[in-house]
Amino acid sequence: MSSASHSFTAPVLLRARNFQWYWNSIADPWSANGEQWQKYTDVENEIIEDAINQKMFDIEIDGDYIINLECLLQYKRGDEFTACPIKRVQLDKYRSNIHPREERFLLPVILATSTFSSQETQNEKELDWLRTYGYITGCYWNLQLQNKNKTIAEVVEEAAHGIIKEGSAIGKVHEAQWLSQQLVAVKGFGSNINANFIQRFPSEIGETCAYLYTKESFWYKLINRILRDPHSITLEQVKSLGPFCWLLDWYLYDNPTTDVLTVYRSLNLDDEQQKQFMEEVMKFTSFISTSRSREVADFYDGNTLLIIDLNLRHKDNERTLCGRDVSSLSDFPEEEEFLIWPGRDFGFVRYEYDIVKKKHVIYLKSLTWD
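Each residue of the sequence shown is one higher than the one before, counting from 1 in the numbering used here.
Structure (structure tokens):
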């Protein structure tokens with residue numbers, strides 16, 4: 001299902017996406033035995049394209065690889081004997097990335113379960129609050145923003161530094177630099193907005209955060225991995241991931257989708273984990289990627305399918321909000337992604353077993369804020 005056309009303000013969303021770079025991954029790329037073209041990753045594509053547009057001679061990507069843009073070669077730094085051809089393919093439309101993303105749509109959804117003590121320091125209380133309620137943006141707000149007189153631009157700068165710090169720690173320096181540069185490019189839109197008094201969240205910043213989170217990169221995987229294990233999160237991780245999560249959370253909250261009534265999520269659960277999703281009330285601890293399409297969720301073929309009803313209304317007849325349809329911001333529009341923000345409450349409705357598909361089906365519903 002293709003997404004409708006949208007008008008965007010974030011510069012990164014105005015970039016051309018109708019191209020794909022490849023490298024010849026066959027063991028002997030210069031032999032006459034054929035070719036085996038491998039796609040560069042999303043961010044590597046962007047890095048190479050930027051270098052072309054800036055008329056650069058060569059560029060480095062993660063893994064100590066050098067790309068010579070004049071000769072169209074890739075080789076390992078210091079070893080030109082590893083050189084292989086690269087090529088750029090112009091596409092008729094925006095590149096489509098139809099391939100499994102299990103880390104986004106299949107890995108476990110962790111529910112908040114822990115409790116905390118009142119005999120702790122402020123930092124410890126906030127971390128335990130995070131571990132209990134799974135709401136990293138609230139923890140970041142209380143520890144780093146509240147009454148600090150920071151602007152949204154300063155938060156964007158902190159988010160960019162956090163990406164660089166975390167990417168450098170896992171050997172993704174160049175990917176992290178590209179991601180952070182996209183944030184820095186829009187930080188000026190938040191220069192005069194106090195983070196404690198937001199009347200309108202800058203769409204340029206919010207769209208950029210949502211786009212970067214949907215992009216196939218180390219960043220969303222790291223955020224999800226850490227937030228899926230809130231019991232071990234550290235203050236340093238709150239400082240490095242918190243700014244970006246706060247910005248993304250604010251954008252989702254300020255621009256919620258209200259016309260999506262049902263979303264789907266595939267999971268692999270054992271019997272004990274399934275029981276956790278049958279509690280009267282449960283709280284998701286991280287950003288949760290779901291799909292508006294049951295077909296997409298079934299594609300990942302977990303043993304359990306969550307069917308989540310979002311059509312809950314308050315007494316004033318306004319629909320309960322819990323996320324946003326981000327498919328129009330994504331490089332993967334076919335996923336029809338609906339992103340649920342952290343800390344949302346859901347309730348168990350019913351359970352059934354699909355004999356034909358041999359799949360457990362758990363129905364949930366969005367709950368109102370306390």
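We treat Cβ as the ideally placed atom computed from N, Cα and C, and that holds for glycine. All values derive from a computational prediction rather than experimental measurement.
F201 is positioned such that its CB atom lies no closer than 7 Å to that of K172.
The segment 198–212 and the segment 240–255 touch, with three or more beta-carbon pairs separated by less than 8 Å.
In the three-state scheme derived from DSSP, where H, G and I count as helix and E and B as strand, Y253 is classed as helix. DSSP places Q276 inside the alpha helix (DSSP H), whose first and last residues are 271–276. D64 carries a coil assignment under DSSP once its states are collapsed to helix, strand and coil.
When DSSP states are grouped into helix, strand and coil, D298 belongs to the helix group.
The bridge partners DSSP lists for S266 are L305. For the pair T137 and R228, the Cα-to-Cα distance works out to about 14 Å. Here N224 is buried. Its C-beta has 16 or more other C-beta atoms within 10 Å. With a contact defined as Cβ atoms closer than 8 Å, G347 and E272 miss out at about 20 Å. For Q90, the three-state secondary structure derived from DSSP is strand. Look at V260 here: in three-state DSSP terms it is coil, with no helix or strand label. Look at the beta carbons and you see the segment 359–366 not touching the segment 45–55: under three pairs across the two are nearer than 8 Å.
Comparing alpha-carbon positions, the option among K165, D301, V349, Y300 lying closest to E236 turns out to be K165. Under the DSSP assignment, S366 falls in the beta strand (DSSP E) whose first and last residues are 359–366.
Judged by their CB atoms, E175 and G167 are nearer to each other than the 7 Å cut-off. Under the three-state reduction of DSSP output, L69 falls in the coil class, being neither helix nor strand. It is roughly 44 Å from the alpha-carbon of Q20 to the alpha-carbon of K275. In its chain, beyond the 5 residues on either side, I233, Q237, L241 have a beta carbon closer than 7 Å to the beta carbon of I226.
Beta-bridge analysis with DSSP links E334 to no other residue. Unbroken alpha helix (DSSP H) runs of no fewer than 4 residues, entirely contained in the segment 171–223, are found at 173–184, 203–214, following chain order. A straight line joining the alpha-carbon of R324 with that of L222 spans about 21 Å. S293 carries a coil assignment under DSSP once its states are collapsed to helix, strand and coil. Using a C-beta cut-off of 8 Å, the segment 330–349 makes contact with the segment 292–300, since at least three inter-stretch Cβ pairs fall below that distance. DSSP links W21 through a beta bridge to R88.
Residues L261, T262, V349, Y363, L364, K365, S366 of the same chain have their beta carbon placed closer than 8 Å to that of D309, with the five preceding and five following residues left out of the count.
The beta-bridge partner set that DSSP reports for K39 consists of Y22. At least 7 Å separates the beta-carbon of V12 from that of Y251. Here W23 really is in contact with C84; their C-beta atoms are around 6 Å apart, less than 8 Å. Of the other Cβ atoms in all chains shown, fewer than 16 fall within 10 Å of the Cβ of R77; this residue is therefore exposed.
I86 is positioned such that its CB atom lies closer than 7 Å to that of Q74. Here DSSP, grouped into helix, strand and coil, assigns V12 to helix. Around the beta-carbon of L14, fewer than 16 other beta-carbon atoms lie within 10 Å, marking it exposed.
Ranked by how close their Cα comes to the Cα of I198, the residues L329, T9, A153 have A153 in first place. When DSSP states are grouped into helix, strand and coil, Q74 belongs to the strand group.
At least 7 Å separates the beta-carbon of K215 from that of D62.
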